[in-house]
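S.K.: Numbering (full-length UniProt numbering), first residue to last: 1 to 267.
(1) Could you check which residue in 218, 229, 190 and 196 has the C-alpha nearest to that of residue 206?
(2) Alpha carbon to alpha carbon, how far is residue 108 from residue 68? Give it in angstroms, no decimals.
(3) Enumerate in chain order the residues of its own chain whose CB-to-CB distance from residue 181 is below 7 Å, with the five nearest sequence positions on each side excluded.
(4) Beta-carbon within less than 6 Å of residue 128's beta-carbon, same chain only, minus the 5 sequence neighbours each way: which residues are those?
(5) Which residues share a DSSP beta bridge with residue 46?
(6) Straight-line CA distance for residue 198 to residue 102?
(7) May I ask you to report which of helix, strand or coil DSSP gives residue 41?
(8) Would residue 210 pass as an interface residue toward chain D - the criterion being a Cβ-Cβ separation below 8 Å?
(9) Please state if the CB of residue 255 and the CB of residue 213 are separated by a distance shorter than 8 Å.
(10) Could you pull out every residue in the same chain whose Cβ sits closer than 7 Å to the Cβ of residue 15, ignoring the five residues on either side in sequence?
(11) From which residue to which residue does the alpha helix (DSSP H) around residue 201 run?
(12) What separation, rounded to the nearest whole angstrom, lies between the Cα atoms of residue 215 and residue 260?
(13) State yes or no: is the C-beta of residue 221 within less than 8 Å of the C-beta of residue 257?
(14) I need the DSSP call for residue 133, collapsed to helix, strand or coil.
(15) Helix, strand or coil, according to DSSP, for residue 111 in the structure here?
(16) Are residue 87 and residue 195 closer than 8 Å when you measure CB to CB?
(17) Going by beta-carbon coordinates alone, are residue 267 and residue 74 separated by less than 8 Å?
(18) Mark residue 71 as exposed unless 16 or more other C-beta atoms lie within 10 angstroms of its C-beta, in which case mark it buried.
(19) Looking at the strands, I want to know which residues DSSP matches up with residue 166.
(20) Quick check: the segment 33-43 against the segment 89-98, are there 3 or more CB pairs under 8 Å?
(21) Following the continuous alpha helix (DSSP H) through residue 230, name the residue where it begins and the one where it ends.
(22) Should residue 133 be counted as a contact of the ligand PLP given a C-beta to heavy atom distance under 7 Å?
(23) Would the beta-carbon of residue 140 fall within 8 Å of that of residue 152?
(24) Can you grab the Cα-Cα spacing for the pair residue 115 / residue 235, in whole Å?
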């Protein structure tokens, strides 16, 4: 692996791909390579640079796979990024670095495509998870209501987005004004890091409103994850937990938490 100059993160992250999808989660996952290189640096930190804070490894600035400076807008987010690198042991494992992968994707794939990412995200405005309710059993109905009804009320108060609720999986058309209000909430996110975080939270949780609640400080990461997984938690309580499914869920949870960290620390 080359560590010359400033290009200290290129090889292990791979070349920027040709995936035209505006989905930051898919792009972040695609950035992981099959081989795990040895850790080649002793210290990870940040250095203030024009417009932000850049990751430095043994004093050398790190780059994204697209050869752009691996930098973030705030020192707090930079410290979290550096901590992820410092936590690597003898090998560098991108699977344990969801924050780095999302930041790379933001810089290489969202900064120049913000309108496209926002448009892709807006597709969730009319199909939000929290609008679709079970009609039985009573316990699940109650758990969904407890988790989601406050968020339905919050979306109406915060954005003027009033939702029609439906039982089952049959599509229900939401009021045009509500869809427009949620699109406006997306378009108001002018920071590319927070936009990427919003997209990741939405696609991982299935709910734009839950993601917006994280972005606006209405929910923390744990509360949002629980709200997005009411059905899964109910099924696990009734039928037990599957080890393989739990492993997959843990990886998604790490990505979700990383997105919440970006949403919280990017401003």
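From the three backbone atoms N, C-alpha and C, an ideal C-beta is built for every residue, glycine too.
In this text, all values refer to a predicted model and were calculated from it rather than measured experimentally.
M.R.: This is what the structure holds:
(1) 229
(2) 7 Å
(3) 159, 160 and 161
(4) 207, 208 and 209
(5) 55
(6) 11 Å
(7) coil
(8) Any reference to chain D falls outside this structure, which holds one protein chain only.
(9) no
(10) Low local confidence applies: a pLDDT of 41 at residue 15 is under 50, so the model's placement there is unreliable, with the coordinate-based value given in what follows. If we look at residue 15 and ignore the five residues flanking it on each side, its Cβ neighbours are 65.
(11) 192-205
(12) 8 Å
(13) yes
(14) strand
(15) coil
(16) no
(17) yes
(18) buried
(19) 132
(20) yes
(21) 230-239
(22) This structure simply doesn't include the ligand PLP, nor any ligand for that matter.
(23) no
(24) 38 Å
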